Amino acid sequence: MASVVVVGTQWGDEGKGKVVDLLTNYADCIVRFQGGNNAGHTLVVDGEKYIFHIIPSGILYQEKTCMIGNGVIIDPGVLLQEMDELREKGLPVTPERLMISENAHLIMPYHKMLDHAREASLAKGKKIGTTGRGIGPCYMDKVGRVGIKAGDFLDWGQLVDKLQANIEEKNFYLTKQYNSEPASFDEIKNQFEQYADALSPFIGNVSVALDTARKAGKNVLFEGAQGTQLDIDHGTYPFVTSSNTIAGNACIGSGFGPAHIDEVIGILKAYTTRVGEGPFPTELPEGDPIGDELQRKGGEFGATTGRRRRCGWLDMVVASDAVRLNGLTGLAITKLDVLSGQKKLNIARKYMVDDEEFTCMPGNIRKTIKARPVYEEVAGWNEDISAVRSYEDLPQEARDYVSRIEDIAGVAPIIVSVGPDREETLLLRNPFERS
Ligand code: GDP
Ligand code: IMO
Ligand code: MG
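What follows is the structure, given as structure tokens:
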């Protein structure tokens with residue numbers, strides 16, 4: 053029996069969906085614990101591509117239980133659409149296969165309206181480049197103690213009371229502050245009545261269900277969303293998302309005790325990407341031939357918004373932050389295949405901000421924006437490695453690259469991924485097999 057947390061180590065889109073899908077093979081329960089449908093997790097099985105925004109990526113395995121923890125925020129329309137798409141593919145999502153925490157908060161239409169209105173009102177350089185999914189405003193209501201929870205679907209009178217109070221306040225901001233259209237109480241009430249009917253059977257106490265599973269000796273896999281540098285406390289604030297993305301939140305966001313976590317696996321893309329605004333010290337900006345090649349070969353377009361992802365060299369300052377903040381016990385290095393064909397590779401070891409040296413992300417965003425990476429150059433390789441299935445068969449330079457990452461991070465890789473498909477993976481150690 054083991055409990056394993058998977059988190060992104062960079063700015064999201066590291067390949068969490070693929071790795072979670074792969075590890076689901078050994079798990080019984082798969083749990084999302086933070087974020088919402090700002091996430092886009094892609095998995096490819098036998099050439100077929102699936103993108104999940106809210107349902108845990110483990111859902112493709114029929115006999116496993118998926119859970120959406122209290123730390124997640126749920127757009128009920130998006131969740132139902134995702135369920136419909138799975139049903140159409142012959143994978144109906146039943147309450148036996150998916151549990152939604154009664155304490156998960158709901159993303160309301162006015163959250164999305166406020167997200168758009170706020171972004172539109174910000175000057176260039178101040179915009180966050182959010183996904184527009186209502187994430188910030190929903191988490192604001194949660195900590196402001198006025199949010200509507202999934203459990204309120206089971207208490208319609210309470211939901212309507214909260215909606216009434218929220219509509220008054222939100223419409224004040226929408227119309228007076230942002231000069232936008234107001235949200236309609238009646239429309240939302242009617243729409244949410246249908247959502248309540250459809251989703252009520254799925255709602256339960258995820259913390260109790262997880263405890264029961266653990267005591268029964270089940271393997272639990274926690275699926276992080278976003279990445280360490282998007283963490284609300286530890287990321288490149290304010291260019292972050294509105295939840296804690298690091299491993300500690302796996303416990304808070306699901307109601308699982310910290311002492312029961314056995315492994316924390318950090319997903320590290322072999323280079324770096326970022327979607328949205330904010331500092332990115334190792335960026336190779338659009339127009340740079342290597343950056344453009346990584347973007348093209350890596351298919352670096354957002355799985356949620358379709359935006360072009362910014363690309364750059366591997367940043368071990370970012371990776372080392374992730375090792376420390378998450379307490380990583382293993383790394384999954386993804387998209388190594390995308391680096392094939394580069395004669396030389398750069399690895400950032402530290403930053404210079406004027407004359408000041410940093411080996412971790414500066415706490416002050418103005419310094420982070422000015423940070424200049426100091427690189428170590430290593431040899432690249434030419435061979436296409438996507439057909440390689442054993443670590444020893446990788447070109448020497450590719451193995452050296454992986455070893456260098458291990459040396460600097462002080463954490464060993466457990467997975468090396470050489471393509472998007474489930475099969476295109478080298479599993480070096482199974483975190484669920486514990487001695
Ligand atoms: P996530 O948000 O962390 O789950 O990552 P995304 O799904 O947003 O983006 C990762 C993209 O890279 C997806 O299109 C995956 O199919 C793809 N991918 C994952 N691992 C690999 C890999 O090792 N090689 C290549 N070429 N693509 C990969
Ligand atoms: P996955 O789970 C990459 C980014 C947005 C924006 C910032 C704030 O697929 O890795 P938000 O809508 O959350 O308020 O936007 O965070 N962002 C992501 N970037 N991958 C994600 O998720 C992201 N989720 C949010 O682009 O810069
Ligand atoms: Mg993604």
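With the working numbering applied, the sequence shown corresponds to residues 53 to 487, in that order. From the three backbone atoms N, C-alpha and C, an ideal C-beta is built for every residue, glycine too. If you're wondering where the values come from, they're calculated on a predicted model, not measured in any experiment.
Check	Outcome
Report the partner residues of Ser55 according to the DSSP bridge assignment.	Val272
Can you give me the C-alpha to C-alpha distance between Val272 and Trp365, rounded to a whole angstrom?	33 Å
Buried or exposed: which applies to Leu463, given that a residue is buried once 16 or more other Cβ atoms fall within 10 Å of its Cβ?	First, the residue type needs correcting, since residue 463 is Val and not Leu in the sequence shown. Val463 comes out buried.
Quick one: grab the DSSP three-state call for Ala25.	Because the chain is modelled from 53 through 487, residue 25 falls outside the range shown and cannot be assessed.
Applying the criterion that 16 or more other CB atoms from any shown protein chain within 10 Å of the CB defines a buried residue, is Phe274 buried or exposed?	buried
Whose CA, out of Gly181, Glu485, Asp80, lies closest to the CA of Arg326?	Gly181
Check for me: the alpha helix (DSSP H) holding Glu345 runs from which residue to which?	341 to 349
Counting pairs of beta carbons, one from the region 176 to 194 and one from the region 82 to 92, are three or more of them closer than 8 Å?	yes
Would you decide whether Val292 is buried or exposed? Buried here means 16 or more other CB atoms lie within 10 Å of its CB.	buried
Below 7 Å between beta carbons: does that hold for Ile106 and Leu143?	no
Assuming contact is defined by CB atoms lying nearer than 7 Å, are Met368 and Ile399 in contact in what I supplied?	yes
Would you mind listing the alpha helix (DSSP H) stretches within the region 182 to 269 that are 4+ residues and don't spill past its ends, in chain order?	187 to 195, 208 to 224, 237 to 251, 258 to 267
Would you mind sorting Pro253 into buried or exposed? The rule is 16 or more other CB atoms within 10 Å of its CB.	exposed
So, using beta-carbon positions, are Tyr78 and Phe484 closer together than 7 Å?	yes
Closer than 6 Å by C-beta to Arg486: which residues in its own chain qualify, once you throw out the five before and the five after it? Chain order, please.	Ala54
Relative to the ligand IMO, is the shortest distance from any of its heavy atoms to the C-beta of Asn90 smaller than 6 Å?	yes
Just the C-alpha distance for Asp204 and Gly92, rounded to the nearest angstrom, thanks.	26 Å
Which residues does DSSP list as the beta-bridge partners of Tyr427?	Ala400
How long is the line joining the alpha carbons of Ala172 and Lys422, rounded to whole angstroms?	26 Å
Less than 6 Å separating the Cβ of Ala450 from some heavy atom of the ligand MG?	no
Where DSSP assigns a beta bridge to Phe410, which residues make up the other side?	Tyr403
Is Glu315 buried or exposed, if buried means 16 or more other CB atoms sit within 10 Å of its CB?	buried
Are any of the Cβ atoms in chain C nearer than 7 Å to that of Ala250?	No chain C appears in the structure shown, which is made up of a single protein chain.
From Asp136 to Asn122, what distance separates their C-alpha atoms?	23 Å
Ile180 lies in the alpha helix (DSSP H); which residues open and close that run?	Unbroken run through Ile180: none, as it is neither H nor E.
Any chance the region 61 to 75 sits against the region 468 to 482, with 3 or more Cβ pairs inside 8 Å?	yes
Is Ala464 helix, strand or coil when you go by DSSP?	coil
Would you report the Cα separation of Leu74 and Val96, rounded to the nearest angstrom?	10 Å
Work out the CA separation of Pro341 and Glu458 for me, nearest whole Å.	28 Å
Starting from the C-beta of Lys201, find all residues in its chain whose C-beta is less than 8 Å away, skip the five residues before and the five after it, and write them out in chain order.	Glu154, Asn155, Ala156, His157, Leu158
Have a look at the DSSP bridge pairing and note the partners of Ser469.	Thr477
From Val57 to Ile152, what does the alpha carbon distance come to, in whole angstroms?	19 Å
Compute the Euclidean distance between the alpha carbons of Ala429 and Asp193, then round it to the nearest angstrom.	The sequence as given places Glu at residue 429; Ala does not occur at that position. Spanning the two alpha carbons is a distance of roughly 47 Å.
Between the region 203 to 217 and the region 346 to 365, do three or more beta carbon pairs fall short of 8 Å?	no
Relative to the C-alpha of Ser109, which residue among Asp167, Leu479, Arg474 is closest?	Arg474
In the structure shown, what three-state DSSP assignment does Ser442 receive?	coil
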